[in-house]
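Sequence order for the protein chains is A and B.
If you read the first sequence in my numbering, its first letter stands for residue 15, the second for the next number, and so on.
If you read the second sequence in my numbering, its first letter stands for residue 61, the second for the next number, and so on.
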Amino acid sequence: MTNMNMIQSLNNALDIMLENDDGVIVFGEDVGYFGGVFRTTDGLQAKHGEHRVFDSPLSEGGILSAAFGMGLNGLRPVVEIQFADYIFPAYDQIVNELAKIRHRSGGEYWSPVTVRTPAGGGIRGGHHHSQSPESQFTHTPGLKVAYCSTPFNAKGLLISAIESNDPVIFFEPKRCYRGPFYGDPHNVPTWEGHPEAEVPEAHYSIPLGEARLAMEGDDCTVISWGAMVHVCEQAIKDSGVSCDLIDLQTLVPWDRDAVVKSIEKTGRCVIVHEAPKTSGFGAEMVASVQERCFYHLESPIERVTGWDTPFPHTTEWDYMPGPSRIAAAIHRSQVN
Amino acid sequence: MAKKKPSLKIPDAPHRPGDEASFESWPWQPGDLKMPDPKNCSSEDTVPHAAGLIRVLGDDNKASGDWDPGLDADDLRLGLEYMVRLRIFDDRMMKMQRTGKLSFYMRSFGEECVAIAQTMALETQDWIFPTYRQPGAQFVRGRDMVSMICHCIGNVEDNIKGRQMPVHYSYREGRFISISSPVGTQFSQAVGVAMASQYRGLDEVTITWIGDGASAEGDYHYALNFASVYKAPVILNVVNNQWAISTHANFATGGGEFASRGLPYGLASLRVDGNDFLALYSATKWARQRAAAGAGATHIEVLTYRAGAHSSSDDPSRYRPGDEHTKWPGGDPVERLRDHLIEIGEWSDEKHIELEKRIDDEVMSAYKEAVSHGDLATGPYPSSDTIFTEVYQEMPWHLEEQFNEMMEESDD
Ligand SMILES: Cc1ncc(C[n+]2csc(CCOP(=O)(O)OP(=O)(O)O)c2C)c(N)n1
Ligand SMILES: [Mg+2]
Numbered sequence: 015m016t017n018m019n020m021i022q023s024l025n026n027a028l029d030i031m032l033e034n035d036d037g038v039i040v041f042g043e044d045v046g047y048f049g050g051v052f053r054t055t056d057g058l059q060a061k062h063g064e065h066r067v068f069d070s071p072l073s074e075g076g077i078l079s080a081a082f083g084m085g086l087n088g089l090r091p092v093v094e095i096q097f098a099d100y101i102f103p104a105y106d107q108i109v110n111e112l113a114k115i116r117h118r119s120g121g122e123y124w125s126p127v128t129v130r131t132p133a134g135g136g137i138r139g140g141h142h143h144s145q146s147p148e149s150q151f152t153h154t155p156g157l158k159v160a161y162c163s164t165p166f167n168a169k170g171l172l173i174s175a176i177e178s179n180d181p182v183i184f185f186e187p188k189r190c191y192r193g194p195f196y197g198d199p200h201n202v203p204t205w206e207g208h209p210e211a212e213v214p215e216a217h218y219s220i221p222l223g224e225a226r227l228a229m230e231g232d233d234c235t236v237i238s239w240g241a242m243v244h245v246c247e248q249a250i251k252d253s254g255v256s257c258d259l260i261d262l263q264t265l266v267p268w269d270r271d272a273v274v275k276s277i278e279k280t281g282r283c284v285i286v287h288e289a290p291k292t293s294g295f296g297a298e299m300v301a302s303v304q305e306r307c308f309y310h311l312e313s314p315i316e317r318v319t320g321w322d323t324p325f326p327h328t329t330e331w332d333y334m335p336g337p338s339r340i341a342a343a344i345h346r347s348q349v350n
Numbered sequence: 061m062a063k064k065k066p067s068l069k070i071p072d073a074p075h076r077p078g079d080e081a082s083f084e085s086w087p088w089q090p091g092d093l094k095m096p097d098p099k100n101c102s103s104e105d106t107v108p109h110a111a112g113l114i115r116v117l118g119d120d121n122k123a124s125g126d127w128d129p130g131l132d133a134d135d136l137r138l139g140l141e142y143m144v145r146l147r148i149f150d151d152r153m154m155k156m157q158r159t160g161k162l163s164f165y166m167r168s169f170g171e172e173c174v175a176i177a178q179t180m181a182l183e184t185q186d187w188i189f190p191t192y193r194q195p196g197a198q199f200v201r202g203r204d205m206v207s208m209i210c211h212c213i214g215n216v217e218d219n220i221k222g223r224q225m226p227v228h229y230s231y232r233e234g235r236f237i238s239i240s241s242p243v244g245t246q247f248s249q250a251v252g253v254a255m256a257s258q259y260r261g262l263d264e265v266t267i268t269w270i271g272d273g274a275s276a277e278g279d280y281h282y283a284l285n286f287a288s289v290y291k292a293p294v295i296l297n298v299v300n301n302q303w304a305i306s307t308h309a310n311f312a313t314g315g316g317e318f319a320s321r322g323l324p325y326g327l328a329s330l331r332v333d334g335n336d337f338l339a340l341y342s343a344t345k346w347a348r349q350r351a352a353a354g355a356g357a358t359h360i361e362v363l364t365y366r367a368g369a370h371s372s373s374d375d376p377s378r379y380r381p382g383d384e385h386t387k388w389p390g391g392d393p394v395e396r397l398r399d400h401l402i403e404i405g406e407w408s409d410e411k412h413i414e415l416e417k418r419i420d421d422e423v424m425s426a427y428k429e430a431v432s433h434g435d436l437a438t439g440p441y442p443s444s445d446t447i448f449t450e451v452y453q454e455m456p457w458h459l460e461e462q463f464n465e466m467m468e469e470s471d472d
């Protein structure tokens with residue numbers, strides 16, 4: 015076990031997969047010589063060679079279409095989109111091509127591309143370095159969607175994503191690269207000493223589709239993913255309510271059994287994400303929870319989300335769900 | 061199937077940290093290229109201009125050749141003043157960023173000439189569709205520095221209400237269109253702006269820029285094609301400053317050619333020394349005449365070098381030699397115009413130092429006034445309702461509801 019931050023554990027996962035499988039090839043904007051603007055691929059080109067880890071033209075559509083073709087012809091590309099906000103020039107390639115190739119070819123072709131992309135707010139990134147566009151991909155049949163939250167699950171999930179023969183959109187909460195985020199911008203802890211930052215050096219994987227029980231309690235089920243998991247942890251502590259905290263880890267396919275089991279116990283549910291509310295993945299969960307747990311629910315399901323507005327720059331802390339909004343929702347769930 | 065040794069070909073940058081940076085000196089001289097008639101020439105007539113380099117200022121600091129715009133000394137001094145202003149302004153903003161008064165910053169260092177010479181060559185009704193590397197155009201269009209700094213801070217006086225990151229200016233009064241982070245998008249949008257001018261019968265030309273890196277985006281190719289198909293009155297500039305963050309221009313095109321890529325689209329295509337104020341002014345004026353005459357768009361490669369870091373988040377010494385910019389054959393745009401003015405007896409070192417001092421004072425007092433409206437570290441900030449306003453023309457019920465929810469929670 016080594017203490018790693020999320021950059022290091024992701025780098026370690028890529029390193030292992032490059033080592034284990036000749037077909038793994040890592041590329042994207044600034045990922046080669048420089049090692050990525052967030053340093054996630056640092057040292058990998060020097061270690062594995064220029065033909066394995068390299069820079070691409072500044073062209074997300076180009077990156078995704080090339081990756082699609084490589085995947086079709088026996089490689090296992092892992093590409094980086096520098097910010098999730100910049101995935102949209104590649105949206106057609108992902109939604110209409112990558113997601114559908116297996117089905118449209120009657121299973122004759124597939125392309126096992128992994129798209130890594132830093133997402134989410136909290137770094138004063140304004141409109142275009144802060145968005146969390148997961149639901150724009152969960153709404154696309156044929157894609158798996160993962161969203162890590164800690165150094166430990168980042169590595170295990172990324173290895174599963176790369177090994178998966180289906181395309182995976184892999185979101186990384188950039189605010190948590192170097193430390194957990196508890197919702198207070200002035201509190202900037204590192205991953206040092208955090209139990210979820212104890213990472214085995216060897217290969218391990220976390221199956222796509224399995225949630226993680228981050229906290230255990232009796233009176234409310236709080237569900238989240240990405241950076242918000244840590245903000246929820248803070249909110250639960252602040253609220254004084256005994257809660258299960260479910261870190262979904264994978265959004266498609268999501269771990270419905272874990273959610274149902276918890277709500278059958280607690281009877282109450284709060285769903286938290288930083289993406290806007292309308293058509294956010296929380297909406298899908300609310301619908302499924304009421305289908306499955308209607309007779310167990312003691313109070314209305316609460317959603318705490320980003321507002322239905324563009325992500326602001328100066329006022330980002332009024333936008334992102336913070337511990338007090340979440341704690342208030344937990345308290346509301348306890349009434350009745 | 062026979063298996064060959066893996067052999068994917070990956071380009072590299074000319075120099076990396078630890079290398080001795082050196083560039084071949086340019087074979088092109090002022091006077092090499094004739095100026096074709098902008099209103100009547102064809103795309104083929106510009107083949108030599110795309111392969112060569114339009115220069116006016118020689119190594120002797122003298123202006124010569126067909127492309128000499130014959131500007132009078134007052135205009136040259138004005139151009140110099142704008143460039144000096146931009147450089148000093150950028151340095152002050154970078155200091156603000158370093159002390160936590162701004163979240164982020166991007167300088168135009170080494171490329172000050174681009175937006176300034178080119179905007180000066182236009183008419184005031186012309187549209188400017190910039191990237192984050194052309195804020196200098198706003199000086200030419202008369203924007204007040206206090207207002208620019210307030211935007212960068214994102215304080216209560218920011219005209220875009222703290223919504224975007226610093227350097228994402230919008231300045232409607234100067235027909236300077238709102239800057240967006242996703243690179244390349246403006247390039248093809250500018251063609252639409254130009255098509256609207258044409259449709260409405262207005263004497264307006266649109267100018268836009270894209271980086272060498274961003275020219276790999278689809279938007280670049282959409283722009284060239286639409287501009288060519290509709291003969292739009294637009295000036296399409298590729299600012300080849302050699303770098304896209306850590307990625308060298310060698311990754312943007314296989315053959316290292318930018319200017320000539322306009323030719324197969326049927327566009328007049330020029331390569332211009334981007335640190336030569338006179339050449340850039342002249343080429344832009346030429347392109348404007350062509351566009352206004354209905355002869356179509358011009359595609360210009362502006363050859364320059366990004367002398368500074370990509371942004372305040374970047375450390376270029378990790379991917380290129382620290383002194384690479386000092387070896388650039390095009391030199392420094394401010395020094396070159398200054399030396400030209402001195403050469404023709406219209407300027408002096410003393411005057412230059414005085415100018416720098418005056419501008420430094422002006423920037424300093426603008427800075428003081430701007431922070432009196434709040435800085436990023438301490439506020440006050442734009443009120444939170446700015447998150448919800450102008451998302452739509454009128455606020456729909458669900459935003460109103462969320463706005464009220466936010467206000468109630470901030471009362472608790
Ligand atoms: C669509 C998109 N992808 C990636 C980025 C991140 N990014 C910002 S600037 C930049 C490099 C741009 O280089 P270039 O186009 O050469 O312009 P320069 O910065 O040199 O002026 C990158 C990759 C972005 N802003 N937008
Ligand atoms: Mg560039």
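Note that beta-carbon positions come from the ideal geometry of N, C-alpha and C, so glycine has one too.
Status (buried if at least 16 other CB within 10 Å, exposed otherwise) for B/A353: Here residue 353 of chain B is taken as the residue at index 293 of the second sequence, counted from 1. That one is exposed.
B/I295 (DSSP reduced to helix, strand or coil): Along the second sequence, one-based indexing puts residue 295 of chain B at 235. Reduced to three states, the DSSP call for B/I295 is strand.
Under 8 Å by beta carbon: chain A residues contacting B/M466: Position 406 of the second sequence, counted from the first residue, corresponds to residue 466 of chain B. Chain A residues near B/M466: W321, D332.
Per-residue contacts from A/P71 into chain B (C-beta, under 7 Å): Here residue 71 of chain A is taken as the residue at index 57 of the first sequence, counted from 1. By Cβ distance, chain B contributes A276, F311, A312.
The region 158 to 166 of chain B contacting the region 181 to 191 of chain B, beta-carbon criterion three pairs below 8 Å: no
Three or more C-beta pairs below 8 Å linking the region 85 to 92 of chain B and the region 300 to 319 of chain B: no
Check whether B/S470 and A/D332 have beta carbons under 9 Å apart: In the second sequence, counting from the first residue as 1, residue 470 of chain B sits at position 410. In the first sequence, counting from the first residue as 1, residue 332 of chain A sits at position 318. Contact flag set, yes.
Within 9 Å of chain A by C-beta, residues of the region 70 to 89 of chain B in sequence order: I70, P71, D72, A73, R76
Cβ-heavy atom distance, A/I30 to ligand 1, below 8 Å: Locating residue 30 of chain A in the first sequence gives position 16, where the first residue counts as 1. A/I30 Cβ: outside cutoff for every heavy atom of ligand 1.
Range covered by the alpha helix (DSSP H) that runs through B/E414: As a working mapping, residue 414 of chain B is identified with position 354 in the second sequence. Where B/E414 is concerned, the enclosing alpha helix (DSSP H) stretches over 409 to 431.
Beta-carbon proximity check, B/S306 vs A/D44, cutoff 9 Å: What you label residue 306 of chain B is simply residue 246 of the second sequence in a count that begins at 1. What you label residue 44 of chain A is simply residue 30 of the first sequence in a count that begins at 1. Yes, these two residues count as a Cβ contact at 9 Å.
C-beta neighbour in chain B for A/F102, strict 9 Å: The residue you call residue 102 of chain A lines up with position 88 of the first sequence. Chain B contact via Cβ: present.
7 Å Cβ shell around A/G57 - same chain, five flanking residues per side excluded: Here residue 57 of chain A is taken as the residue at index 43 of the first sequence, counted from 1. Same-chain partners within the cutoff: G49.
Inter-residue spacing [alpha-carbon to alpha-carbon] between B/K8 and B/T364: Absent from the model: residue 8 of chain B. The displayed extent of chain B is 61 to 472, so no value can be given.
Proximal residues of chain A, C-beta to C-beta of B/G214 below 7 Å: Position 154 of the second sequence, counted from the start, is the residue given in the question as residue 214 of chain B. By Cβ distance, chain A contributes H327, T328.
Cβ-heavy atom distance, B/W303 to ligand 4, below 8 Å: In the structure shown, ligand 4 is absent; the only ligands present are ligand 1 and ligand 2.
Contact under 9 Å by Cβ, B/A197 with B/Q178: Translated into the one-based positions of the second sequence, residue 197 of chain B becomes position 137. Translated into the one-based positions of the second sequence, residue 178 of chain B becomes position 118. Contact: yes.
Closest by C-alpha distance to A/M299, when choosing among A/G207, A/F325, A/I260: As a position in the first sequence, residue 299 of chain A is number 285, starting the count at 1. Selected option, being the one with the closest Cα: A/I260.
Interface residues of chain A facing B/F164 [CB-CB closer than 8 Å]: Taking the first residue of the second sequence as 1, we reach residue 164 of chain B at position 104. Within 8 Å Cβ-Cβ: R138.
Rounded separation between A/S73 and B/S377 - CA only: Translated into positions along the first sequence, residue 73 of chain A becomes position 59. Translated into positions along the second sequence, residue 377 of chain B becomes position 317. Distance between the alpha carbons of A/S73 and B/S377 is about 24 Å.
The region 33 to 47 of chain A: positions lying closer than 7 Å to chain B by Cβ: E43, D44, Y47
CB contact below 9 Å: B/L459 versus chain A: Numbered from its first residue, the second sequence carries residue 459 of chain B at position 399. Closer than 9 Å to some Cβ of chain A, the Cβ of B/L459 qualifies, so yes.
Any chain B beta carbon closer than 9 Å to A/H200: Your numbering for residue 200 of chain A matches position 186 in the first sequence. For A/H200, the answer is no, since every Cβ of chain B falls outside 9 Å of its Cβ.
Closer than 9 Å to chain B by CB, A/H141: For the purposes of this step, residue 141 of chain A is taken as residue 127 along the first sequence, with counting starting at 1. So yes, A/H141 belongs to the interface.
Closer than 9 Å at the beta carbon, the chain B residues around A/H65: What you label residue 65 of chain A is simply residue 51 of the first sequence in a count that begins at 1. Under the 9 Å cutoff, chain B gives P66, S67, L68, K69, I70.
Bridge partners - B/A175, DSSP secondary structure assignment: Start at 1 with the first residue of the second sequence, and residue 175 of chain B comes out as number 115. DSSP, once it has assigned bridges, lists no residue as partnering B/A175.
Proximity of A/P335 and A/G197 at Cβ, strictly below 9 Å: As a first step, residue 335 of chain A must be located in the first sequence, where it is residue number 321. As a first step, residue 197 of chain A must be located in the first sequence, where it is residue number 183. Contact: yes.
Cβ-based burial, B/R145 [other Cβ within 10 Å; buried from 16]: For the purposes of this step, residue 145 of chain B is taken as residue 85 along the second sequence, with counting starting at 1. B/R145 is buried by the Cβ-count criterion.
Contacts that B/A352 makes with chain A (C-beta to C-beta distance below 7 Å): The sequence position of residue 352 of chain B within the second sequence is 292, counting from 1. Simply none; closest approach about 32 Å.
Chain B contacts made by the region 273 to 296 of chain A, where a contact means CB separation under 8 Å: K291, T292
Chain-ordered neighbours of A/V51 on chain B, where CB pairs are closer than 7 Å: Here residue 51 of chain A refers to the residue found at position 37 of the first sequence. In chain order: I305.
Status (buried if at least 16 other CB within 10 Å, exposed otherwise) for B/I209: On the second sequence, residue 209 of chain B is found 149 positions in, with the first residue counted as 1. Classification of B/I209: buried, given that the 10 Å Cβ count is 16 or more.
Within chain A, partners of B/V243 - CB distance below 7 Å: Within the second sequence, residue 243 of chain B is the residue found at index 183, counting from 1. Those are L72, listed as they occur along chain A.
Between the CA atoms of B/G439 and B/F318 - distance to the nearest angstrom: Within the second sequence, the letter at position 258 stands for residue 318 of chain B. Within the second sequence, the letter at position 379 stands for residue 439 of chain B. Cα-Cα distance, rounded: 45 Å.
Beta-carbon neighbours of A/G76, restricted to chain B and to distances below 7 Å: Working through the first sequence from its first residue, we reach residue 76 of chain A at position 62. Under the 7 Å cutoff, chain B gives A276.
Chain-ordered neighbours of B/T191 on chain A, where CB pairs are closer than 9 Å: Position 131 of the second sequence, counted from the start, is the residue given in the question as residue 191 of chain B. The premise fails here: B/T191 is roughly 12 Å from chain A at the closest Cβ pair, so nothing lies under 9 Å.
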